[in-house]
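Numbering (the numbering used here), first residue to last: 18 to 299. Even glycine gets a Cβ: it sits at the ideal position worked out from N, Cα and C. Small disclaimer: the values here were computed from a predicted structure and weren't measured.
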Ligand SMILES: [Zn+2]
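Next up, the structure:
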């Protein structure tokens, strides 16, 4: 093993390895995705003291393996365990989906600090840190949509949502827009079936709005429950379509969210007190 390296990391996943070890998948600010063996993590809780739970943000000492095998977790120092997320079913599922998407979209040895900071921001939002400290923060459901839009952008799959990809016309309110994996089509230019799905002009305008903004700017956006669900469907289908080409594995959390009896997709408790304005921030 080479000298340990220090990394800022978020735990995406963990899996048992043999009798006593675990393989942990991290997303690190410095190196992007890393997978490493945590020796004794399964048998002895003492060594890592529950620090290897998903979503945990930590300072990580990793010993690279000179022979090309998996690195080894030398030590961890928890910075934020995001405990509150684990007591809210919807927030837990959102965080699980965010970690799963980050894992599926990224590969080892390809760092993207923007993805690290996006995921960290989302976890703080779901944990309620911004609200507790009196900062402006979007509702969790808006934050989760923002995460999916920005992740697509950061991995190079952002679409032009404001204009028809053929005639360059603006989407007209009241007429459907057809979403394909390469862009949107107006009703006049659209032939055949929609590649991804049909949407309303308000949904694509809201996605464009979020894509162009930083997380600190989106707290004023108000999404009605039907509009939020429509945007969610577009993003779910886009992520599934692209990821199915990168990996044969399904994105399980999307499917669980659709089948859960608590139906987080249909329970707009986060936005029930807001006016339905369509798509634009005040
Ligand atoms: Zn057109």
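Could you have a look at residue i and say whether DSSP puts it in helix, strand or coil?
i, result
"residue 96", "strand"
"residue 241", "coil"
"residue 111", "helix"
"residue 174", "coil"
"residue 69", "coil"
"residue 42", "strand"
"residue 125", "strand"
"residue 116", "helix"
"residue 197", "strand"
"residue 294", "Its pLDDT being 33, under 50, residue 294 is placed unreliably in this model, and the value from its coordinates should be taken loosely. Residue state, collapsed to three classes: coil."
"residue 37", "coil"
"residue 253", "helix"
"residue 47", "coil"
"residue 142", "helix"
Does the beta-carbon distance from residue i to residue j come in below 8 Å?
i, j, result
"residue 171", "residue 135", "yes"
"residue 216", "residue 247", "yes"
"residue 44", "residue 27", "yes"
"residue 173", "residue 123", "no"
"residue 107", "residue 157", "yes"
"residue 46", "residue 163", "no"
"residue 70", "residue 79", "no"
"residue 56", "residue 33", "no"
"residue 66", "residue 169", "no"
"residue 177", "residue 259", "no"
"residue 218", "residue 251", "no"
"residue 120", "residue 29", "yes"
"residue 235", "residue 148", "no"
"residue 117", "residue 51", "no"
"residue 214", "residue 184", "no"
"residue 238", "residue 155", "yes"
"residue 200", "residue 182", "yes"
Pull up the CB-CB distance for residue i and residue j, whole angstroms please, since I reckon it's below 8 Å.
i, j, result
"residue 202", "residue 223", "So it is not a contact: roughly 18 Å between Cβ atoms."
"residue 112", "residue 93", "Residue 112 to residue 93, Cβ: 19 Å. No contact."
"residue 273", "residue 110", "7 Å"
"residue 357", "residue 75", "Not covered by the structure: residue 357. The range shown for the chain is 18 to 299."
"residue 139", "residue 175", "No, residue 139 and residue 175 are not in contact; Cβ-Cβ is about 18 Å, not under 8 Å."
"residue 145", "residue 101", "6 Å"
"residue 192", "residue 186", "The Cβ separation is near 10 Å, so there is no contact."
"residue 24", "residue 77", "5 Å"
Answer with yes or no whether the minimum CB distance from residue i to chain C is below 8 Å.
i, result
"residue 259", "This model lacks chain C altogether, as it is built from one protein chain only."
I need the boundaries of the alpha helix (DSSP H) containing residue i, first residue and last residue.
i, result
"residue 225", "218 to 228"
"residue 58", "That residue, residue 58, is in no alpha helix (DSSP H); it is neither H nor E in DSSP."
"residue 87", "Per DSSP, residue 87 belongs to no alpha helix (DSSP H) and is neither H nor E."
"residue 273", "269 to 276"
"residue 232", "Per DSSP, residue 232 belongs to no alpha helix (DSSP H) and is neither H nor E."
"residue 146", "146 to 149"
Residue range of the beta strand (DSSP E) that residue i falls in?
i, result
"residue 33", "22 to 34"
"residue 5", "Because residue 5 is not part of the residues shown, which for the chain are 18 to 299, the question remains open."
"residue 201", "200 to 202"
"residue 80", "74 to 80"
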